[in-house]
Amino acid sequence: MATPKIKSKTSTPQKSNHTPERKAAPRPATKPKRFKSAYTKAEMEEIFRRFSVQRPEPKGELEHVNPFTLVVAVALSAQATDAGVNKATRALFKVADTPEKMLALGEEGVTQYIKTIGLYRNKAKNVIALCRMLIEEFGSEVPRTREELIRLPGVGRKTANVVMSMAFGVPTLAVDTHVFRIANRLLMAPGKTPDEVEENLLKVIPDQYLFHAHHWLILHGRYCCKARKPECERCVIADLCRSPEKTVDVPAPLVELPQQLIGEAVE
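For what it's worth, our numbering labels the leading residue of the sequence shown as 2, then goes sequentially.
Printed below as a string of structure tokens:
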């Protein structure tokens, strides 16, 4: 019987053909892309100077009677038109202009008033939760800081900025669909998100025009630089505009427009 060969424990190990992987050198930190507007500082000042002549005292077009009803109206306006919200809240605010009165209606009660607005069930739920938080944590008063406002159910950064500006006179810049479109279409402060557009606009809007800038841009987008078809022939900044979509280079006459009729907004 053959004796099996026993492998020596001291045998020399075979060399591996595998080359050990080298650790990749760390990539240098990429610098954030620097924002650049298509307009000079002087051009931005002229753009907003013309807006100020056209509409010396621009106003938001959501109907409200106090800071509380303003918060509710702006929260309800998400994915809805101002005109549609006004039609729904006109009757609602006559019977519920305080958190206590609104809370007394309950979700079903609020729903009956706002059911013509998109996402009305979820919005009614948020309105009631908002009222409860105002009563329990803020003494039924609408808070004045962004940090506190965005804690309220249904209130995001845009809503907080609108309330801070319209109710408390704080110069903020709320970026809604109109402002987002204008900032990108005109190459004024392009950005991929509302927060990015807000940050970029704050860098280029002259300080003396910041308080009304939000409303000027909204109204310009709503009534002139419309989403589907910009009405360039009616634009007071047509000569300055850098939009590749513009069709006219001669600006419309710079005259003060008739006073806004709040509640009759055309969307």
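A virtual CB, placed ideally from N, CA and C, is assigned to each residue, including glycine.
Sequence-distant residues of its chain with Cβ nearer than 7 Å to residue 219 (five each side left out): 177, 179 and 180
Roughly how many whole angstroms lie between the Cα atoms of residue 251 and residue 215? Spanning the two alpha carbons is a distance of roughly 25 Å.
Return yes when the Cβ of residue 174 is within less than 9 Å of the Cβ of residue 161, no when it is not. no
What does the Cβ neighbour count give for residue 199, buried or exposed, with the cut at 16 atoms within 10 Å? buried
Alpha-carbon to alpha-carbon, residue 221 and residue 119: Going by the C-alpha atoms only, they are around 25 Å apart.
In terms of alpha-carbon separation, which member of 155, 45, 109 and 102 lies closest to residue 78? 155
Which of the three DSSP states is assigned to residue 254 in this structure? Residue 254: coil per DSSP, three-state reduction.
Between the beta-carbon of residue 256 and the beta-carbon of residue 164, is there less than 9 Å? no
Below 7 Å CB to CB, which residues in the same chain sit around residue 75 once its five sequence neighbours on both sides are set aside? In the same chain as residue 75, and ignoring 5 residues on each side of it, the C-beta atoms closer than 7 Å to its own belong to 63, 160, 163 and 164, in chain order.
Exposed or buried, residue 31, counting other C-beta atoms within 10 Å across all chains shown (16 or more means buried)? Its pLDDT being 49, under 50, residue 31 is placed unreliably in this model, and the value from its coordinates should be taken loosely. The residue in question, residue 31, is exposed, as its Cβ has fewer than 16 Cβ neighbours within 10 Å.
Less than 6 Å between C-beta atoms, sequence neighbours within five positions excluded: which residues of the same chain meet that for residue 141? Listed in chain order, the non-local C-beta contacts of residue 141 below 6 Å within the same chain comprise 100 and 135, local neighbours out to five positions each way being set aside.
Please classify residue 245 as buried or exposed, where buried requires at least 16 neighbouring CB atoms within 10 angstroms. With fewer than 16 other Cβ atoms inside 10 Å of its own Cβ, residue 245 counts as exposed.
Have a look at residue 129 and residue 104 and give me their C-alpha separation to the nearest angstrom. 6 Å
Rounded to the nearest angstrom, what separates residue 264 and residue 232 at their Cα positions? Model confidence at residue 264 stands at a pLDDT of 47, short of 50, so the residue's coordinates are unreliable and nothing is read from them.
How big is the Cα-Cα spacing for residue 268 and residue 82? With a pLDDT of 46 at residue 268, under the threshold of 50, the modelled position of this residue cannot be trusted; read the value that follows with caution. One C-alpha to the other measures close to 7 Å.
Starting from the Cα of residue 45, find the closest Cα among 85, 210 and 98 and give me that residue. 210
Between residue 207 and residue 49, which are expected to be in contact by the criterion C-beta below 8 Å, what is the C-beta distance as a whole number of angstroms? 6 Å
Within the same chain, show all residues whose beta-carbon is closer than 7 Å to that of residue 235, passing over the 5 residues directly before and after it, in chain order. 225 and 253
Which runs of the alpha helix (DSSP H) spanning at least 4 residues fall entirely within the segment 19–103, listed in chain order? 42–55, 68–77 and 83–96
Give me, in chain order, the residues of the same chain whose beta-carbon lies closer than 7 Å to that of residue 56; leave out the 5 immediate sequence neighbours on both sides. 217, 220 and 258
With H, G and I counted as helix, E and B as strand and the rest as coil, what does DSSP make of residue 166? helix
For residue 186, count neighbouring C-beta atoms within 10 Å of its own C-beta (all shown protein chains included) and say buried if the count is 16 or more, exposed if not. buried
If residue 125 and residue 112 are in contact, beta carbons under 8 Å, what's the gap, nearest whole angstrom? 4 Å
For residue 229, I'd like the list of residues in its chain whose CB is within less than 8 Å of its CB, leaving aside the five on either flank, ordered along the chain. none
Out of curiosity, what's the CA-to-CA distance linking residue 182 and residue 47? The straight-line gap from Cα to Cα measures roughly 20 Å.
Can you give the Cα-Cα distance for residue 67 and residue 238, rounded to whole angstroms? 35 Å
Would you decide whether residue 22 is buried or exposed? Buried here means 16 or more other CB atoms lie within 10 Å of its CB. Interpretation of residue 22 is limited by its pLDDT of 49, a score under 50 that renders its predicted location unreliable; no figure is taken from the coordinates.
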